[in-house]
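> Dropping the structure in here first, questions after.
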Amino acid sequence: MEISLPKNFSVFVLDDNSSNISILEHFFKDQTCNLWKSMSGIDALNKINKGLKPDIIIIRAAMDEISGFEVCKTLRKKYSSNILPVILIIEKENESHIISGFESGANDYLFMPFSKEELLVRVKTHLNVIKLNKKINQVNKQLLESEKKYRGIFEHAFEGIFQTDDKGFLLNANKSFWNITGFKPGSNKKFNIFGDTDSLFIIKTDRIQIFDTIRNNGKIFGFETKIRNENNKNIWISLSAISINGGDGSGTYYEGSIYDITVRKEKEQAERDRELAEKRTEQLKAEMHARQVKTQKELLDAFIKTIATAVEEKSAYTGGHVRRVVELSIMIANKINETDTGALKDVYFKEEEIEELKTAAWMHDIGKITTPEHVVDKSNKLQTVWDRIEKIHTRFQLIETLMEIDYFNKLEKLLIDNKDNNISDHAIQNKKDNLKKEFQIKKDELKEDFEFISKCNYSSEYMPEKEIDTLLKIASKKFKMNSKSYSYIEEDELMNLCVRKGTLTNYERSIIENHANMTIKILNQLPFPKHLAKVTEIAGAHHEKIDGSGYPNKLSGNQLSIQSRILAIADIFEALTAKDRPYRKPIKLSEALHILDIMKQNRHIDPDIFDLMVNEKIYLDYAKLELGTDQIDNN
Ligand SMILES: [Fe+2]
Ligand SMILES: [Fe+2]
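When you line the sequence shown up against numbering that gives the first Met the number 0, it's residues 0 to 634, in that order.
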């Protein structure tokens, strides 16, 4: 059997018998190896001491000068059996020699005589062991280096690295861990990272979440939470950890790392605070702006109401007109918004448009601020700043006095003229009676005339032609005073008294109608905000009619916005139903609706709005709020 040994090994044979050495030389002759030989133990040890380093030594135990056991013992002082194996050659089977051989440090033994194969197999085995030992040494060396390196990394790592048992009790931690947590290494050997009493974590729920996640999922990555270090300072950390199963029965343990992310977190917090502060500033700005707008709006509202009140104060009779027109206009607009049937179902007023209509309604009669009070309030035909019926009354009293004086003058003249004429007393009495009768007739006629004038003054009903004739007849009557002739009624008085319907002369009517013009003129001066841009147009058109016969601009049809149509109807309806007009009785609800219906037929008002008012009974809601119960006859 051919035994092949590793190449280029060196073998040292030591035997004081040259024949034995020759046999060994013969055994090794086919191998590629260095064979060194010596016949003296001292010589062999010297060579080895000087640096000769064989891979294996074969020594015969029973040498004379110095035994193989001794040589072996001395060798072992320098080289261990792992590095330099020794095979002892023992003469015959002798147990005590075997024991001595092993005690002196031999690795193996052979009894003489031995075969070449036996020797080579033993040598091969030991050379392999040497080779393996070398490898193990190498690996061990590498392992040591790795561990050293790992130790370095572990110790000098920037992150805090830790290891705990399955309960969370700290087993191991590096310098950074102690630096971050602020604890002294080993300060508390029972330190439990995830425990609930001496836990690192400030937020209890975080601690539970971290530990549960590691146990359930086997790992957690980059969990950010706050810890309180030994100096009671709160710091932020990012924690990652894994659960490791030892597998060799050592059980589960946890390894992880923590980073101090306080600087980043504080930066983020500062950024959040800055954003929050910015947001709050914006909010405050918006709030201030809203407050400003609200204040401006309140000021505008108050201003509008004050002006409207001032206008109404000019008249003792139309108080509350504007307020009621506002109320009714808004009632109509809201109902239009609610309705989903009929011609107005698609009309919807936004909040701002309602606001616009409301402002227009408050301002619609502002032009009356320029209308003279006596025209605004003219409740009888002779009224100017005062009621001129008093002047006529005084005049008629004067005429009566003049008539009386005339009568007495005539009576006196009668008595003087007939004094010497022997006229009978009876005849004189007759004449006196006639004079008195004549005076009485004139007086009665005068009284009748005044009563007629007075009646005309206080009537706003339609005046027939016959009554105009009567007035003209009275106006043609004259009286004399201080040789000067005067009319019973002055020209201007006659003109006022002859007003066919109502109390206003054409001129006065034009003054009244001018208020709509003035409303436009005044409102045009006001810089309304954008959402109230149409106030002037809506307010200025409240006397316009759908057919174009209204005033001041004779607008018609589409020229009139729906808001101005609402305001026009509200204005008429309020004026018709107002219960405080001194010159006429308050009219009933049914009559007012009837008049509006006629106006609708005549295309004076918007038919759709009127129909909505009737169908949705807006008129009744309004009446319940503003009219006397005796007026409400239609519900
Ligand atoms: Fe008006
Ligand atoms: Fe009005």
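Think of the CB as a built atom: it goes at the ideal place given N, C-alpha and C, for glycine as much as any other residue.
Helix, strand or coil: how does DSSP classify D607 here?
Note: D607 maps to helix in three-state DSSP.
> Grab me the residues of I635's own chain with a C-beta within less than 8 angstroms of its C-beta, minus the 5 sequence neighbours each way, in chain order.
Since the first residue shown for the chain is 0 and the last is 634, residue 635 is missing from the structure and cannot be characterised.
> Cβ of H603 within 7 angstroms of any heavy atom in ligand 1?
No - ligand 1 has no heavy atom lying nearer than 7 angstroms to the Cβ of H603.
> Just tell me which of T576, P606, A474 has its CA closest to the CA of I631.
Nearest C-alpha to I631: T576.
> Mind pulling the alpha helix (DSSP H) runs of 4 or more residues that sit fully within the segment 522-564?
DSSP runs (the alpha helix (DSSP H)) wholly in the segment 522-564: 534-539.
> Using 8 angstroms as the threshold, is the segment 404-413 in touch with the segment 427-441, meaning 3 or more CB pairs across them?
Cβ pair count under 8 angstroms is three or more, so yes.
> Given this structure, state the Cα-to-Cα distance separating R263 from I179, to the nearest angstrom.
If I take the Cα positions, the gap works out to 15 angstroms.
> In angstroms with no decimal places, state the Cα-to-Cα distance between I561 and E543.
For I561 and E543, the distance between alpha carbons rounds to 12 angstroms.
> Indicate whether at least one CB of chain D lies closer than 8 angstroms to the CB of R273.
Protein chains in the displayed structure number just one, and chain D is not present.
> Is V374 a contact residue of ligand 2, with contact defined as CB to any heavy atom under 7 angstroms?
Flag unset: Cβ of V374 not near ligand 2.
> Rounded to whole angstroms, what is the Cα-Cα separation between D259 and K147?
Those two C-alpha atoms are separated by around 26 angstroms.
> Less than 8 angstroms separating the beta-carbons of I353 and I368?
Taking 8 angstroms as the Cβ cut-off, I353 and I368 do not qualify as a contacting pair.
> Do you know offhand how far L295's Cα is from T628's?
Correcting the residue identity first, residue 295 is Gln in this sequence and not Leu. Roughly 40 angstroms between the two C-alpha positions.
> Using C-beta distances below 7 angstroms, list every residue in its chain close to W361, excluding the 5 sequence neighbours before and after it, in chain order.
Excluding residues within five positions, the ones whose Cβ falls inside 7 angstroms are I303, K304, A307, V321, V325.
> Enumerate in chain order the residues of its own chain whose CB-to-CB distance from R564 is below 6 angstroms, with the five nearest sequence positions on each side excluded.
Taken in chain order, the residues that qualify are D605, I608.
> Mind listing, in chain order, the residues whose beta carbon lies closer than 5 angstroms to a non-hydrogen atom of ligand 2?
After applying the 5 angstroms Cβ criterion, the set is D364, D570.
> Do A577 and ligand 4 come close, with the Cβ less than 7 angstroms from some heavy atom?
This structure does not include ligand 4; its bound ligands are ligand 1 and ligand 2.
> For ligand 1, I want to know if A515 counts as a neighbour, meaning its beta carbon is within less than 7 angstroms of at least one of the ligand's heavy atoms.
Checking the Cβ of A515 against ligand 1 gives yes.
> Output the distance between the C-alpha atoms of R121 and D107, rounded to the nearest integer angstrom.
Using only the alpha carbons, I get a separation of about 8 angstroms.
> Please classify A538: is it buried, with 16 or more other beta-carbons within 10 angstroms of its beta-carbon, or exposed?
Buried.
> According to the neighbour-count rule (16 or more other Cβ atoms, all chains shown, within 10 Å of its Cβ), is D570 buried or exposed?
Buried, because 16 or more other Cβ atoms sit within 10 Å of the Cβ of D570.
> Within the present structure, is the beta-carbon of H530 separated from the nearest heavy atom of ligand 1 by less than 7 angstroms?
No - ligand 1 has no heavy atom lying nearer than 7 angstroms to the Cβ of H530.
> Using the C-alpha atoms, what's the distance from N481 back to I510?
Cα to Cα, the separation comes out at about 39 angstroms.
> Does DSSP put T224 in a helix, a strand or coil?
Residue state, collapsed to three classes: strand.
> Using 8 angstroms as the threshold, is the segment 452-463 in touch with the segment 488-496, meaning 3 or more CB pairs across them?
At 8 angstroms Cβ cutoff, the stretches touch.
> What separation, rounded to the nearest whole angstrom, lies between the Cα atoms of K203 and I236?
C-alpha separation (whole angstroms): 15 angstroms.
> Give every residue of the same chain whose Cβ lies closer than 7 angstroms to the Cβ of E158, excluding the five residues on either side of it in the sequence, and list them in chain order.
Cβ neighbours of E158 beyond the five flanking positions: S175, S256, I257, Y258.
> Write down the C-beta distance between G104 and S80 rounded to the nearest angstrom, noting that I regard them as a contact closer than 8 angstroms.
G104 to S80, Cβ: 6 angstroms. Contact.
> Output the boundary residues of the alpha helix (DSSP H) element that contains Y149.
Element bounds for Y149: 115-155.
> Quick one: give me the first and last residue of the beta strand (DSSP E) that T163 is part of.
Unbroken beta strand (DSSP E) run through T163: 159-164.
> Taking only runs that begin and end inside the segment 445-506, name each unbroken beta strand (DSSP E) of 3 or more residues, in chain order.
Whole beta strand (DSSP E) segments, 3+ residues: 477-480, 483-486.
> Kindly indicate which three-state DSSP category A240 falls into: helix, strand or coil?
Of the three classes helix, strand and coil, the one that applies to A240 here is strand, per DSSP.
> Just verifying my parser: in three-state terms, what is the DSSP assignment at A252?
Checking the sequence shown, residue 252 turns out to be Tyr, not Ala. It is a strand residue.
> Using only the heavy atoms of ligand 1, determine whether one of them is closer than 7 angstroms to the beta carbon of H392.
No, Cβ of H392 sits at least 7 angstroms from all heavy atoms of ligand 1.
> For the beta strand (DSSP E) holding D620, just list the boundary residues, first then last.
No beta strand (DSSP E) contains D620, which is instead part of the alpha helix (DSSP H) from 617-625.
> Relative to ligand 1, is the shortest distance from any of its heavy atoms to the C-beta of H593 smaller than 7 angstroms?
No, the Cβ of H593 stays beyond 7 angstroms of every heavy atom of ligand 1.
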